[in-house]
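Chains as they are written, first to last, in the working numbering: chain A, 537 to 772; chain B, 1103 to 1310.
In structure tokens, the structure reads:
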């Protein structure tokens, strides 16, 4: 018990000391996950909107595939991407393996299905009168789409928060295609795995605290957004 | 503005909902559209407003002499008005923002006209049924529409609110906006109308 407490307090002190290596690792995590999310966001929202509002052949297959992709383990995504990006793979010439762009691609593949599925359900739950009201007041299709995004913003923000939570905490893909190279591709989760393997718990616990605090902030925001979204739905 | 419908047919699956050979509505008209449930009154109104495409046929907006494009708006108001998740004032401003037109005086006047100026910064979803309907009319008024199509505007409204809506509609008509309203029962609003349209058994009959 004493050991645990000592490790925890040393880890907290380590965090507060502003250790550049430790915060560099945090920086890699946030920049990779934020980039992946930003790149995936607009295509995913557009795909969610199309699946919600347009009927086309293969729509149900697309939705089923999407839902199946939600359950794919991160390590499988990492494995597939590794095979594609390795020197012998079809994308080997791009020399992306063990780089941040490779980690970003992996995280895009992980968050895209989640963003599409959650935005699809947000758009399906949206009142059908939103688009009609916008159009009758003169909005063109793009302006009507922006209005719809505004009306379901809390549900979409919840999708973004959930997707960010999923990719920043994943270890499988980041480890396999990032390679865990210090100052380059070592992020919070791969660093925790490495430090724990070496029996060095302090840095692992410090990084774990960062993840836990972030998870707490994300979940509080998510709870607030969901309750706000419910209030609005019942109010209108 | 003259709204013209030519050879309109609306079909659901194999069944014809209605077929209308020729129909027109102009800004001086005040029409009461009635008919049994499920005959397609709302669908017809949405087709007229350009919100829905008919299975076949053509809807044309023909401008009168001296009218500009903005004066050709045909606005459809739902049975249960949808208000955006904004305050009352922002809802009124919505259409003007879409047109990139800044006219706060016009918005102020519309809010006073609808008796909502004291509620302008309240969240729209907190309004009562009558206030919601008045806000929908104010939101339309700022756009100077040629025609307003009201789908069951008096459902769920108390007598006082109906009188208020009647006054507003009368005023809109005086300002040059034609209207068509669908109502099951005759009431103060239907008395303002100078035409009766009956939609039944897939056919539209115009009665003067």
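Heads up, the beta-carbon is just placed ideally off N, CA and C, and yes, glycines get one too.
Nearest-angstrom Cα separation, counted from residue j out to residue i
i               : j               : result
residue 1303(B) : residue 1215(B) : 40 Å
residue 695(A)  : residue 1153(B) : 30 Å
residue 1208(B) : residue 1244(B) : 6 Å
residue 1116(B) : residue 1110(B) : 16 Å
residue 630(A)  : residue 659(A)  : 37 Å
residue 764(A)  : residue 690(A)  : 7 Å
residue 636(A)  : residue 721(A)  : 6 Å
residue 656(A)  : residue 586(A)  : 8 Å
residue 1299(B) : residue 1293(B) : 14 Å
residue 1342(B) : residue 1219(B) : As displayed, chain B neither begins before 1103 nor continues past 1310, which places residue 1342(B) out of reach and without an answer.
residue 589(A)  : residue 719(A)  : 45 Å
residue 1057(B) : residue 1174(B) : Given that chain B is displayed from residue 1103 to residue 1310, the structure contains no residue 1057(B) and the question cannot be resolved.
residue 1198(B) : residue 1205(B) : 8 Å
residue 742(A)  : residue 662(A)  : 42 Å
residue 1309(B) : residue 1201(B) : 37 Å
residue 1203(B) : residue 673(A)  : 13 Å
residue 1276(B) : residue 1291(B) : 14 Å
residue 760(A)  : residue 1131(B) : 49 Å
residue 1224(B) : residue 1184(B) : 16 Å
residue 1261(B) : residue 679(A)  : 37 Å
residue 616(A)  : residue 604(A)  : 16 Å
residue 561(A)  : residue 744(A)  : 12 Å
residue 1165(B) : residue 1105(B) : 9 Å
residue 733(A)  : residue 1187(B) : 51 Å
residue 729(A)  : residue 632(A)  : 23 Å
residue 1227(B) : residue 1196(B) : 15 Å
Reduced DSSP secondary structure (H/G/I, E/B, other) of residue i
i               : result
residue 589(A)  : helix
residue 583(A)  : helix
residue 550(A)  : helix
residue 1181(B) : coil
residue 647(A)  : helix
residue 671(A)  : helix
residue 563(A)  : helix
residue 1308(B) : strand
residue 1109(B) : strand
residue 1272(B) : helix
residue 1254(B) : coil
residue 734(A)  : helix
residue 1233(B) : helix
residue 1189(B) : strand
residue 1158(B) : strand
residue 1114(B) : strand
residue 1148(B) : helix
Assumed close pair residue i, residue j - CB separation to whole angstroms, cut-off 8 Å
i               : j               : result
residue 1088(B) : residue 1248(B) : The structure shown does not extend to residue 1088(B), since chain B spans only 1103 to 1310, so no value can be given for it.
residue 1107(B) : residue 1119(B) : With a Cβ gap of about 14 Å, residue 1107(B) and residue 1119(B) do not count as contacting.
residue 762(A)  : residue 709(A)  : Actually they do not touch by this definition, with Cβ atoms about 28 Å apart.
residue 583(A)  : residue 652(A)  : 5 Å
residue 711(A)  : residue 726(A)  : 5 Å
residue 1180(B) : residue 665(A)  : 5 Å
residue 1148(B) : residue 1178(B) : 6 Å
residue 1150(B) : residue 1271(B) : With a Cβ gap of about 17 Å, residue 1150(B) and residue 1271(B) do not count as contacting.
Proximity test, residue i beta-carbon vs the ligand HEM heavy atom, cut-off 7 Å
i              : result
residue 641(A) : Questions concerning the ligand HEM fall outside what the structure shown contains, since it holds no ligand whatsoever.
Would you list, in chain order, the members of the segment 642-663 of chain A that have their beta-carbon closer than 8 Å to a beta-carbon of chain B?
For the segment 642-663 of chain A, which is checked against every Cβ of chain B, the residues closer than 8 Å are 663.
So does the segment 1138-1152 of chain B actually touch the segment 1187-1201 of chain B, counting three or more Cβ pairs closer than 8 Å?
no
Check whether the segment 566-581 of chain A and the segment 635-653 of chain A are in contact - that is, three or more C-beta pairs closer than 8 Å.
yes
Between the segment 698-714 of chain A and the segment 597-613 of chain A, are three or more C-beta pairs nearer than 8 Å?
yes
Below 8 Å, can you find three or more Cβ-Cβ pairs linking the segment 665-672 of chain A to the segment 617-624 of chain A?
no
Residues of the segment 1195-1220 of chain B in Cβ contact with chain A at a cutoff of 7 Å, in chain order, please.
1196, 1197, 1200 and 1201
According to a CB-to-CB cut-off of less than 7 Å, which residues of the segment 663-679 of chain A neighbour chain B?
Of all residues in the segment 663-679 of chain A, 663, 665, 666, 668, 669, 671, 672, 673, 674, 675 and 679 have a Cβ within less than 7 Å of some Cβ in chain B.
Below 8 Å, how does it come out for the segment 734-743 of chain A and the segment 539-547 of chain A: are there three or more Cβ pairs, yes or no?
yes
Using a Cβ-Cβ cut-off of less than 7 Å, list which residues of the segment 687-717 of chain A approach chain B; keep chain order.
Within the segment 687-717 of chain A, the residues whose Cβ lies closer than 7 Å to any Cβ of chain B are, in chain order, 687.
For the structure I just gave you, are there three or more beta carbon pairs, one from the segment 671-690 of chain A and one from the segment 553-563 of chain A, closer than 8 Å?
no
If the cut-off is 7 Å on Cβ atoms, which residues from the segment 1149-1181 of chain B count as contacting chain A, listed in chain order?
1151, 1153, 1175, 1177, 1178 and 1180
Does the segment 1275-1295 of chain B come into contact with the segment 1252-1260 of chain B, if we say contact requires no fewer than three beta-carbon pairs (one atom in each stretch) closer than 8 Å?
yes
Using a Cβ cut-off of 7 Å, which residues of the segment 1244-1274 of chain B contact any Cβ in chain A, in chain order?
Legend: CB atoms of the segment 1244-1274 of chain B lying less than 7 Å from CB atoms of chain A belong to residues 1245.
Output, in sequence order along the chain, the residues in the segment 1108-1122 of chain B whose CB is closer than 9 Å to any CB in chain A.
Those residues of the segment 1108-1122 of chain B placed with their C-beta closer than 9 Å to a C-beta in chain A do not exist.
Looking at chain A, which residues of the segment 1182-1193 of chain B have a Cβ within less than 9 Å of any of its Cβ atoms?
1182, 1183, 1184, 1185, 1186, 1187 and 1188
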